[in-house]
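Here is the structure we will look at.
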Amino acid sequence: MPRILHITKATILLGCTLVLLLGGCAGTPGKDDPRPVGEVVNRAEQLIQSKAYAAAAHQYAIAITKDPTVGRYYLRRAEVLERIDEDKDAYRTYEQAMKMVSEDDPDHLEIMHRLALIDANHLYKLDEAEELLQRMPGSSIERYDTAAFLYYQASQYDESIKLLNTALERVRSADQKALLLYHAALVYLKLEDEKNTFGSLYYSINNAEHLGLIRDIEQLWQEIN
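Going by the numbering used here, 60 is the number at position 60 of the sequence shown; the sequence numbering is gapless.
Now the structure itself:
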C-alpha cells in the first residue's frame, strides 16, 4: 500500500509540472522566479508575437504573482487565454482582477466590461452579466455595449442597434470601435441584413487588436461564409 501511494503522488506531481509548463497549473506560478516583473512582461509579449499563447499566459500569471494589483496584467493574460478558447480560465482571471484591482484603477472598468461579455457571450452567465452592467457608469461606452449585447441575447435587435450606434458616436479607440462593430454584425446577421452584416464585420476586422475579439471575428467569418 505505501508504494502505491508513493507512485500516485509522483504521478500527480509530474502531471502538475506538465500543466505548469503549458501555462495552467493551479499552484502559485513563479513564486520563486527571480526576474523583475518588467522582464517577465517582455518575455510574455515576445511569446505573443510568436503566437505561443499558452506560454505567454503563464508568463502573465507570474507577472500577476509579482504585482497583483496591476490591472493590465490581468487583462492581457485573459486576452491571450480567450485567443486559445480557454474562456473559463479567462473568466477566472477577470474575476481575480475584480477582487485585486482597485475600482479607482483606469483598467477596472475594462475588466468589468470584459468579464460581462465573456459571461454573456461564451459562458451564458446572463444574470452575472446584468449585475455587472448595473455597476458600470451610466454614460460609459462599456455600459452601452454590454446593454446592447444583452438586448441582442434577448432578441431585442432594434434596441441593441440603437445603443451600439450611440456608443459608436463616442468611441475612443480603434479596438473599441472594432468590438462595437462586431456586436453590430451579430445583430444584423439575426436581422438577415447581409449588407450591414458584412459591412460591420469588414470594418471590425480592420480595426481589431484584442486577441479574443479577433478569435470571435474569425469564428463569425467562418460561420457566415
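For every residue, glycine included, the Cβ atom is placed at its ideal position computed from N, Cα and C.
Asked, Found
"To which residues of the same chain is L179 closer than 6 Å at the C-beta, ignoring the five residues directly before and after it?", "L213"
"In whole angstroms, what is the alpha-carbon distance linking K177 and D145?", "10 Å"
"Identify which residue in T166, A174, N121, Q134 has its Cα closest to the Cα of A154.", "N121"
"Using the three-state DSSP reduction, which class does S173 fall into: helix, strand or coil?", "coil"
"State the DSSP-derived secondary structure class of S160, mapped to helix, strand or coil.", "helix"
"In this structure, how does DSSP classify V101 when only helix, strand and coil are distinguished?", "coil"
"So, is A174 buried or exposed, given that buried needs 16 or more other C-beta atoms within 10 angstroms?", "exposed"
"DSSP three-state label for M136, please.", "coil"
"Which residue marks the beginning of the alpha helix (DSSP H) containing T65, and which one marks its end?", "53-66"
"Short of 8 Å in beta carbon distance, which residues of its chain neighbour L109, apart from the five on each side in sequence? Order them along the chain.", "M136, P137, S140, E142"
"Taking only runs that begin and end inside the region 66-132, name each unbroken alpha helix (DSSP H) of 4 or more residues, in chain order.", "71-83, 87-100, 108-118"
"DSSP state of L191, grouped into three classes?", "coil"
"So what does DSSP say about N196, is it helix, strand or coil?", "helix"
"In the DSSP assignment, find the alpha helix (DSSP H) that holds A208 and state where it starts and stops.", "A208 -> no alpha helix (DSSP H), and no H or E assigned at all."
"Alpha carbon to alpha carbon, how far is A97 from Y124? Give it in angstroms, no decimals.", "20 Å"
"Could you tell me the distance, in whole angstroms, from the CA atom of R172 to the CA atom of K66?", "31 Å"
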